[in-house]
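Colleague:
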Amino acid sequence: MGVTEAKPQVSAEAAAALVQAGKDAVAANLKADTKEDPQRVAQAVEYVNELRAREKIGVIRCDYEYATTRGDPGEPTSFLSDSAILKVEGWTFEAVQRGMTPEGGYPASEFRLKKADGTVDEYWTKLWNCYPDKDGSSSNRKNYIRVTKKVTGNKYIEGYFDEDDYVKGEVYRYEPEQMEENMKTAIQKLEQAGVCGISCDVGYSHAFHDSVKQMTSVPVMLSSLQQLTLIAPLFDLRPEKNNKVLVVTVNSDTFDANQLVPKGLPEGAIHIIGMQKTIFGKWVAGGHSFSRFHEDAFEDASVEKGLESLYDECKQEIDKIQSTGANVVCIVLECAEMPAYTNGLRRRFKLPVYDTMTAISFLQAGAGFGASSGYMM
Numbered sequence: 002m003g004v005t006e007a008k009p010q011v012s013a014e015a016a017a018a019l020v021q022a023g024k025d026a027v028a029a030n031l032k033a034d035t036k037e038d039p040q041r042v043a044q045a046v047e048y049v050n051e052l053r054a055r056e057k058i059g060v061i062r063c064d065y066e067y068a069t070t071r072g073d074p075g076e077p078t079s080f081l082s083d084s085a086i087l088k089v090e091g092w093t094f095e096a097v098q099r100g101m102t103p104e105g106g107y108p109a110s111e112f113r114l115k116k117a118d119g120t121v122d123e124y125w126t127k128l129w130n131c132y133p134d135k136d137g138s139s140s141n142r143k144n145y146i147r148v149t150k151k152v153t154g155n156k157y158i159e160g161y162f163d164e165d166d167y168v169k170g171e172v173y174r175y176e177p178e179q180m181e182e183n184m185k186t187a188i189q190k191l192e193q194a195g196v197c198g199i200s201c202d203v204g205y206s207h208a209f210h211d212s213v214k215q216m217t218s219v220p221v222m223l224s225s226l227q228q229l230t231l232i233a234p235l236f237d238l239r240p241e242k243n244n245k246v247l248v249v250t251v252n253s254d255t256f257d258a259n260q261l262v263p264k265g266l267p268e269g270a271i272h273i274i275g276m277q278k279t280i281f282g283k284w285v286a287g288g289h290s291f292s293r294f295h296e297d298a299f300e301d302a303s304v305e306k307g308l309e310s311l312y313d314e315c316k317q318e319i320d321k322i323q324s325t326g327a328n329v330v331c332i333v334l335e336c337a338e339m340p341a342y343t344n345g346l347r348r349r350f351k352l353p354v355y356d357t358m359t360a361i362s363f364l365q366a367g368a369g370f371g372a373s374s375g376y377m378m
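To convert, note that position 86 of the sequence shown is 87 in the numbering used here; the numbers rise steadily by one, no gaps.
If you want it as structure tokens, here you go:
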């Protein structure tokens, strides 16, 4: 017996049902503010579209490459609005992890195309060739140098690789000053594209927030972690209440709370959990591209299985916290690849969950159309 294929209109009908309540509210508000006068209605629609056009969001990406999935701010289909998404040349994930120097300087970054034994480094070569995007080329890169000796020093300037790789292999480097210039160039391009705000596709970018906001006149919220300063006053986080904000990161071993958690939050209120031992964390660390369903996975990773992995680890941690008499009042997802799972975690835990997309929505709300506001503009 053959399998009956679902009719395309089923999805369309379901989608229409999901948004009908919103459409009814818009129609009622529009009627109240125009008295259904055709000229007023036409003008209101024009003004609404004008404001919606201002919701274009800017996203800077690390200089790495994987197939993004819906929910990731580096993926255009994550937005109902327009978006401008671009890589910052040389700004590798490793550079983001190193963060800014105490004096506000940028880190160096490096790419190893060949190892000391002469073999091609497939990971770094892939990233090197995918600029400014997966269809790009290394010929688009500029202002880097080839290094034949490992730079030593603090973590911000130290070379990434073994000494022999520089002597016998092939390593290219962007110096700190060039990294800052590349960031300025990216921010200028986003401003020229008319974005209403700027965010990022990696949660560790919080360390660069102060630098980036000084490069632009539009609001900046690079990391979901910056929402902690907004979220903390919403809950009773006094020590005697023992309430916790659960921050979920891909790797708690590399999570530098001193650089990444905003200052001035209630002491002991932030509880950090890492996903490095879970299959989800291993997929992200390995740069895997996520399919929606596991049966369609082309790099073994899927949103379907990722959700179960995230949920199970968070559930165990929340149970452990509650066993001590404490309580989790909300969840903040650090990783910019986690918004695909936010709805699932909200539904299952019945807790507020904040992520990179809620941060972006905050930026857009200040510039765009508010459905609960007036149509008389």
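Just so it is clear, CB atoms sit at the ideal spot from N, CA and C, and this is done for glycine as well.
The structure presented is a predicted model; accordingly, all values stated were derived computationally and were not measured.
Could you check what DSSP says for I280 in three-state terms: helix, strand or coil?
Modeller: Indexing the sequence shown from 1 puts residue 280 at position 279. Helix, per DSSP.
Colleague: Starting from G75, trace the alpha helix (DSSP H) in both directions and tell me its first and last residue.
Modeller: Position 74 of the sequence shown holds residue 75. Segment: none, G75 is in no alpha helix (DSSP H) and carries neither H nor E.
Colleague: Where does the unbroken beta strand (DSSP E) through A337 begin, and where does it stop?
Modeller: Numbered from 1 along the sequence shown, position 336 holds the residue referred to as residue 337. Counting along the chain, A337 falls outside any beta strand (DSSP E), and DSSP gives it neither H nor E.
Colleague: Between which two residues does the beta strand (DSSP E) harbouring I273 extend?
Modeller: Here residue 273 refers to the residue found at position 272 of the sequence shown. Start and end: I271 to G275.
Colleague: When DSSP labels each residue in this structure, what does E66 get in the three-state scheme?
Modeller: Locating residue 66 in the sequence shown gives position 65, where the first residue counts as 1. If DSSP states are grouped into helix, strand and coil, E66 belongs with coil.
Colleague: Is it buried or exposed for P74, if we count other Cβ within 10 angstroms and need 16 for buried?
Modeller: Along the sequence shown, read from residue 1 onward, the residue named residue 74 stands at position 73. Buried, by the Cβ-count rule.
Colleague: Please name the residue in I232, G375, L364 and M378 whose C-alpha comes closest to that of V333.
Modeller: The residue given as residue 333 occupies position 332 in the sequence shown. The residue with the shortest Cα to Cα distance from V333 is I232.
Colleague: What's the C-alpha gap between E159 and P108?
Modeller: Translated into positions along the sequence shown, residue 159 becomes position 158. Translated into positions along the sequence shown, residue 108 becomes position 107. Looking at the two C-alpha atoms, the distance is approximately 9 Å.
Colleague: To the nearest angstrom, how far is the alpha carbon of A17 from that of K185?
Modeller: Walking along the sequence shown from the start, residue 17 turns up at place 16. Walking along the sequence shown from the start, residue 185 turns up at place 184. Those two C-alpha atoms are separated by around 43 Å.
Colleague: Less than 8 Å separating the beta-carbons of A298 and R71?
Modeller: Here residue 298 refers to the residue found at position 297 of the sequence shown. Here residue 71 refers to the residue found at position 70 of the sequence shown. No, the pair does not count as a contact, with Cβ atoms beyond the cut-off.
Colleague: Count the other C-beta atoms from every protein chain shown that fall within 10 angstroms of the C-beta of S358, then say buried if there are 16 or more, exposed otherwise.
Modeller: Reading the sequence shown from its first residue, position 357 is the one you call residue 358. For clarity, residue 358 is Met in the given sequence; the question names Ser instead. It counts as buried.
Colleague: Answer with buried or exposed for Q323, where buried requires no fewer than 16 other C-beta atoms within 10 angstroms of its C-beta.
Modeller: Locating residue 323 in the sequence shown gives position 322, counting from the first residue. Looking at its Cβ environment, which holds fewer than 16 other Cβ atoms inside 10 Å, Q323 is exposed.
Colleague: Tell me which residue opens and which closes the beta strand (DSSP E) that E111 is part of.
Modeller: Counting from one through the sequence shown, the residue named residue 111 turns up at place 110. Where E111 is concerned, the enclosing beta strand (DSSP E) stretches over S110 to K115.
Colleague: Just mark V251 as buried or exposed, buried being the case when its beta carbon has 16 or more other beta carbons within 10 Å.
Modeller: By 1-based counting over the sequence shown, the position of residue 251 is 250. Buried is the call here.
Colleague: What are the residues that DSSP puts in a beta bridge with K185?
Modeller: Here residue 185 is taken as the residue at index 184 of the sequence shown, counted from 1. Bridge partners of K185: none, in fact.
Colleague: Cα-Cα, which of C131, V221, C315 and A85 is closest to F112?
Modeller: In the sequence shown, counting from the first residue as 1, residue 112 sits at position 111. Measuring from the Cα of F112, the nearest candidate turns out to be C131.
Colleague: State the beta-bridge partners of G198 as determined by DSSP.
Modeller: The count along the sequence shown starts at 1 and reaches residue 198 at position 197. For G198, which the question treats as bridged, DSSP gives the partners I58.
Colleague: For V213, is the classification buried or exposed, using 16 other Cβ atoms within 10 angstroms of its Cβ as the cut-off for buried?
Modeller: On the sequence shown, residue 213 is found 212 positions in, with the first residue counted as 1. Classification of V213: buried, given that the 10 Å Cβ count is 16 or more.
Colleague: In the DSSP assignment, find the alpha helix (DSSP H) that holds K316 and state where it starts and stops.
Modeller: Walking along the sequence shown from the start, residue 316 turns up at place 315. V304 to S324 is the extent of the alpha helix (DSSP H) around K316.
Colleague: I'd like to know if the region 237-246 and the region 324-331 are in contact, where contact means that at least 3 CB-CB pairs between them fall below 8 Å.
Modeller: The answer is yes - the region 324-331 touches the region 237-246, with three or more Cβ pairs under 8 Å.
Colleague: I'd like to know if the region 81-99 and the region 202-210 are in contact, where contact means that at least 3 CB-CB pairs between them fall below 8 Å.
Modeller: Because the criterion of three Cβ pairs below 8 Å is met, the region 81-99 and the region 202-210 touch.
Colleague: State the Cα-Cα distance for the pair A1 and M276, rounded to the nearest angstrom.
Modeller: Outside the shown range of the chain, which is 2 to 378, sits residue 1, and nothing can be said about it.
Colleague: Tell me, to the nearest whole angstrom, how far the beta carbon of C336 is from that of I274; I am working on the premise that it is less than 8 Å.
Modeller: Counted from its first residue, the sequence shown places residue 336 at position 335. Counted from its first residue, the sequence shown places residue 274 at position 273. About 12 Å; that fails the 8 Å criterion.
Colleague: Could you check how far apart the C-beta atoms of Y355 and S225 are, in whole angstroms? I think they sit under 8 Å.
Modeller: Working through the sequence shown from its first residue, we reach residue 355 at position 354. Working through the sequence shown from its first residue, we reach residue 225 at position 224. About 6 Å; that satisfies the 8 Å criterion.
Colleague: Mapping the DSSP letters down to three states, classify S84 as helix, strand or coil.
Modeller: The count along the sequence shown starts at 1 and reaches residue 84 at position 83. Three-state DSSP puts S84 in a strand.
Colleague: What residues in its chain sit with their C-beta under 6 Å from that of I146, if we drop five residues either side in the sequence?
Modeller: Walking along the sequence shown from the start, residue 146 turns up at place 145. Correct list, in chain order: R174.
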